[in-house]
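Structure first, then comments.
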Amino acid sequence: LDRLAEIGAPPVYATRETQRQLPAALRPLRLAELPDRGSAEVLGLRLDTGRSGHAPGGIWMRFPTLRGGFLYTGDFSTEAPLLRCDPFPRSATVLADASYGDRDESLAFQIAALTGAVSGGAVLPCPLGGRGPDMVTALAAAGLSVNACPQVAAETERLTGTRPPVATPESASPTQIIVADGPNAEHGLAAALRERPGFRFIFSGHVPRSSPARALLDAGHARWMGWNVHPRLSDLLAMAETTRAERVLPAFVDLRAAPRLTAALGPRLRQCTSLEV
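Residues in the sequence shown are numbered consecutively from 15, following my numbering.
This is the structure in structure tokens:
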């Protein structure tokens with residue numbers, strides 16, 4: 015968004031929630047709204063939208079075509095405690111989030127494992143939108159006392175009406191369970207606690223090689239435990255069935271590392287770089 019002027023400052027379309035999250039410095043001059051559920055027209059092109067369950071404001075998009083419709087799922091998840099994924103419409107061609115490949119472990123199983131792992135206290139770095147409030151809600155529902163950094167606490171209150179206890183650099187204790195903004199402990203409360211003795215860190219998302227999270231994991235000072243924010247193998251196959259997809263293009267995945275997905279999609283699978291839809 016900071017380089018729109020280089021391509022003529024085209025209009026930017028986004029849901030109201032996505033627009034709310036944009037920093038002022040990145041807010042485009044020409045900004046139009048997409049519904050999170052409904053129909054819209056973008057420069058003469060009709061589309062239908064629905065919530066995708068991955069992050070606040072995230073949507074899937076379906077375009078009518080002469081060959082039965084084209085669906086782009088975007089990042090999606092059907093398991094998030096607080097975010098809904100609206101049913102996918104019938105579409106002959108689907109470009110689908112397949113980030114996890116053959117992975118099929120459920121979020122419920124992961125929550126149960128994390129509930130046991132945080133006993134005695136842990137810092138849980140996560141994105142502010144989506145996973146942060148989800149973690150607070152799910153762990154609290156499991157009977158744990160959960161604290162959050164001010165940002166995650168405010169977002170949790172916005173979504174649920176309930177504000178969890180707030181942890182700050184001054185009040186944080188190694189015995190507390192603390193959900194903190196900054197998925198790789200790169201900023202905020204998680205960064206402030208990174209160098210302090212006694213705090214255990216558990217990461218749950220993608221860890222870039224150059225991140226503080228990677229350094230902590232490599233040094234044996236942190237642990238990684240999954241928290242699904244993308245579809246499992248079973249979710250992808252269910253999506254292919256409910257949409258009655260004839261052609262599925264898996265995105266964000268190396269299919270050489272996903273033999274079960276490749277086999278299960280069978281004749282539906284498309285791996286081409288161009289396709290008439």
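Just so it is clear, CB atoms sit at the ideal spot from N, CA and C, and this is done for glycine as well.
About 7 Å separates the CB atoms of Pro-226 and Ala-205; that is less than 8 Å, so the two are in contact.
Scanning the region 151-237 for uninterrupted alpha helix (DSSP H) segments of 4 residues or longer gives 164-174, 202-208 and 226-232, listed from N- to C-terminal end. Cα atoms of Leu-85 and Gly-212: separation of roughly 48 Å, rounded to the nearest angstrom. In the structure shown, Asp-100 adopts coil according to DSSP, grouped into three states. Annotation: the region 22-109 contains the following complete segments of the beta strand (DSSP E) (minimum length 3 residues), in chain order: 26-29, 45-48, 52-56, 59-65, 73-77 and 84-86. In terms of Cα proximity to Ala-278, the closest of Ile-21, Cys-163 and Asp-249 is Asp-249.
Per DSSP, the unbroken alpha helix (DSSP H) holding Ala-122 starts and ends at 121-131. Residue burial annotation: Gly-144 is buried, with at least 16 other C-beta atoms found within 10 angstroms of its C-beta. The beta carbon of Thr-79 lies closer than 7 Å to those of Val-291 in the same chain, with the five residues before and after it left out. Note that the C-beta distance between Ala-154 and Val-160 is below 8 Å.
For Ala-254, the secondary structure class from DSSP, reduced to helix, strand or coil, is helix. Residue Met-239 holds the alpha-carbon nearest to the alpha-carbon of Gly-130 among Leu-247, Arg-282, Arg-270 and Met-239. Linking Leu-275 to His-68 through their CA atoms gives a straight-line distance of about 21 Å. A Cβ-Cβ separation of about 5 Å places Ala-272 in contact with Asp-116 under the 8 Å criterion. The C-beta distance from Asp-111 to Pro-25 rounds to 25 Å, too long to fall under 8 Å, and the pair is not in contact. In the structure shown, Asp-249 adopts helical secondary structure according to DSSP, grouped into three states. Nearest neighbour of Gly-157 by Cα position, chosen from Ile-125, Ala-252, Leu-231 and Pro-141, turns out to be Ile-125.
In the structure shown, the three-state DSSP call for Leu-138 is strand. For the options Met-75, Pro-42 and Gly-175, the alpha carbon positioned closest to that of Glu-55 is the one of Met-75.
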